[in-house]
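Residue numbers (the working numbering): 6 to 412. Here the structure comes first, spelled out in structure tokens, and everything after it is commentary.
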């Protein structure tokens with residue numbers, strides 16, 4: 006596909022092919038890379054993590070298997086790029102059920118939703134992006150720009166020039182920190198304990214209770230939920246899938262949060278505690294609290310999980326997403342709470358609409374970014390506000406019926 010088409014529908018062959026560098030090779034970076042590559046841009050992705058860090062270490066893709074809800078934007082993107090079908094990507098949850106502390110079902114409703122996991126979606130995107138254009142172990146430390154180009158600086162002292170630089174490097178974005186000094190993630194006062202359990206290790210009664218359902222428990226100042234996602238290699242057959250569970254629990258900022266987020270090697274993790282790094286004494290403390298606060302069936306899930314992981318909940322917004330020839334997308338710009346189930350679809354939308362504007366502009370980067378920014382800012386601010394509202398409601402124990410919340 007070419008960058009610009011005339012009114013007659015025939016591509017204009019004289020459109021210049023913009024060179025685009027994307028910093029960050031996770032979900033947002035991959036989606037932007039695919040969308041821009043599809044319209045003919047010269048795109049390269051630079052990911053700071055090495056291949057070994059992404060695929061083999063405790064923080065790598067294998068352990069980022071947290072569940073997520075496949076929203077319409079993701080489905081459309083996968084279909085348009087012939088990546089996969091919705092049916093092959095996830096497990097359908099046909100209804101929601103809400104339970105009380107004694108495990109009694111107090112509410113049920115029919116809400117079909119497709120559930121997948123971070124690792125499955127990442128691998129689907131990764132395998133279709135050109136291998137030679139995805140560079141791992143490349144740490145970007147800064148950039149400078151003028152009217153004509155952006156010069157990107159790497160840790161190994163290399164430089165790369167481009168027409169457009171996209172910061173897709175997440176909540177701790179190096180690109181954002183150079184652009185906006187005071188846009189810092191704000192801790193929301195609670196964390197999500199998360200876990201994945203192979204379906205075949207569940208007792209038959211528990212497996213039956215959770216099968217094909219999105220299950221919620223709303224307790225005092227907390228919420229727990231779970232649903233099925235594909236197996237580690239995308240398996241969808243009964244008995245080969247995984248149960249994804251999540252428990253929102255209040256942890257005051259400061260010493261208590263630091264204690265929870267200090268791993269077994271004494272390293273303080275700020276934004277994510279990977280599988281295998283949570284200190285055993287912290288896990289044991291939470292197992293005791295689970296017996297106090299959670300229904301027995303959720304206690305059972307916690308006990309079965311050998312390596313839980315922890316996601317502190319943060320809010321982040323930026324006043325601008327465009328700075329000359331540089332823009333921010335995904336979590337580098339807005340971090341929205343998982344209650345919205347919109348973090349991934351937000352990044353996908355940023356990518357799709359950026360490609361559309363760049364194509365319609367015939368490769369005019371500045372003009373495309375000026376048209377792209379207002380709608381993306383409005384979406385980010387809306388989702389941030391929605392996440393705060395849903396998070397406050399869930400922590401107060403109010404059921405969030407009829408809302409596609411919590412991933």
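Note that CB positions come from ideal geometry on N, CA and C, so glycine has one too.
| task | Count the other CB atoms, across all protein chains shown, that sit within 10 Å of the CB of residue 413; report buried if there are 16 or more and exposed otherwise. | result | With the chain represented from 6 up to 412, any question about residue 413 goes unanswered, as that position is not in the structure.
| Would you say residue 99 and residue 217 are within 7 Å of each other, going by their C-beta atoms? | yes
| request: Closer than 7 Å by C-beta to residue 6: which residues in its own chain qualify, once you throw out the five before and the five after it? Chain order, please. | output: Because residue 6 carries a pLDDT of 38, less than 50, the predicted location of this residue cannot be relied on, and the following value inherits that uncertainty. Taken in chain order, the residues that qualify are 43, 44, 45.
| query | Considering only residues of the segment 306-368, which uninterrupted alpha helix (DSSP H) runs meet the minimum length of 4 residues and lie entirely inside it, listed in chain order? | reply | 348-365
| field | Three-state class that DSSP yields for residue 117 in the structure shown | value | strand
| beta strand (DSSP E) segment containing residue 209, residue limits | Careful: residue 209 lies outside any beta strand (DSSP E), inside the alpha helix (DSSP H) at 209-215.
| said: Buried or exposed, going by whether 16 or more other CB atoms sit within 10 Å of the CB of residue 325? | reply: exposed
| said: Taking the alpha-carbon of residue 271 as reference, which of 277, 280, 284, 54 has the nearest alpha-carbon? | reply: 284
| query | If you count every other CB in all the chains shown that lies within 10 Å of the CB of residue 104, and 16 or more means buried, which is it? | reply | buried
| Hey, how far is the Cα of residue 398 from the Cα of residue 254? | 13 Å
| query | Using DSSP with H/G/I as helix, E/B as strand and the rest coil, what is residue 266? | reply | Here residue 266 sits in coil by DSSP.
| query | With DSSP run on the structure shown, which of helix, strand or coil describes residue 42? | reply | helix
| request: Could you name the residues of the same chain whose beta carbon sits closer than 6 Å to that of residue 342, not counting the 5 residues immediately before and after it, in chain order? | output: Closer than 6 Å at Cβ, skipping near neighbours: 318, 392, 396.
| request: Give the DSSP-derived three-state secondary structure of residue 391 in the structure shown. | output: helix
| request: Scan the segment 140-168 and note each continuous beta strand (DSSP E) run of 3 residues or more that stays entirely inside, going in chain order. | output: 145-150, 155-159, 164-167
| Hey, out of 215, 274, 112, 262, whose CA is closest to residue 246's CA? | Scanning 215, 274, 112, 262 for the CA closest to the CA of residue 246 turns up 215.
| task | To the nearest angstrom, report how far apart residue 28 and residue 108 are at their CA atoms. | result | 46 Å
| message | Going by beta-carbon coordinates alone, are residue 353 and residue 146 separated by less than 7 Å? | response | Contact flag unset, no.
| message | Once the 5 residues before and after residue 373 are set aside, which same chain residues still bring their CB inside 7 Å of it? | response | Only residues of its own chain outside the window of five on either side were considered, and among them 362, 363, 366 have a CB closer than 7 Å to the CB of residue 373, listed in chain order.
| task | Give the straight-line distance between the Cα atoms of residue 60 and residue 102, rounded to the nearest whole angstrom. | result | Note on residue 60: pLDDT 49, under 50, position unreliable in the model; the coordinate value appears next. For residue 60 and residue 102, the distance between alpha carbons rounds to 35 Å.
| Would you call the segment 226-237 and the segment 163-178 touching, i.e. three or more CB-CB distances under 8 Å? | The segment 226-237, when compared against the segment 163-178, does not touch it at the 8 Å Cβ threshold.
| said: Whole angstroms are fine: how far does the CA of residue 41 sit from the CA of residue 305? | reply: 46 Å
| query | Would you say residue 338 and residue 327 are within 7 Å of each other, going by their C-beta atoms? | reply | No, they are not a contact pair.
| query | Does the beta-carbon of residue 344 have 16 or more other beta-carbons within 10 angstroms, so that it is buried, or is it exposed? | reply | buried
| request: Compute the beta-carbon to beta-carbon distance between residue 249 and residue 122, rounded to the nearest angstrom, for a pair I have assumed lies under 8 Å. | output: 7 Å
| request: Just grab the DSSP bridge partners of residue 51 for me. | output: 28, 140
| request: Take the Cβ of residue 33 as the centre, count every other Cβ of all protein chains shown within 10 Å, and call the residue buried at 16 or more, exposed below. | output: So residue 33 ends up on the buried side.
| Between 207, 263, 235, 233, which lies nearest to residue 194 when the distance is taken from Cα to Cα? | Answer by Cα proximity: 263.
| field | Minimum length 4: unbroken alpha helix (DSSP H) runs contained in the segment 222-269 | value | 260-265
| Shortest alpha-carbon distance to residue 243 belongs to which of 299, 203, 35, 314? | 203
| task | Could you tell me whether the Cβ atoms of residue 368 and residue 23 are closer together than 7 Å? | result | yes
| task | Express the C-alpha separation of residue 277 and residue 148 in angstroms, rounding to a whole number. | result | Between the alpha carbons of residue 148 and residue 277 lies a gap of roughly 27 Å.
| said: Suppose contacts are defined by Cβ-Cβ distances below 7 Å. Is residue 359 in contact with residue 340 by that definition? | reply: no
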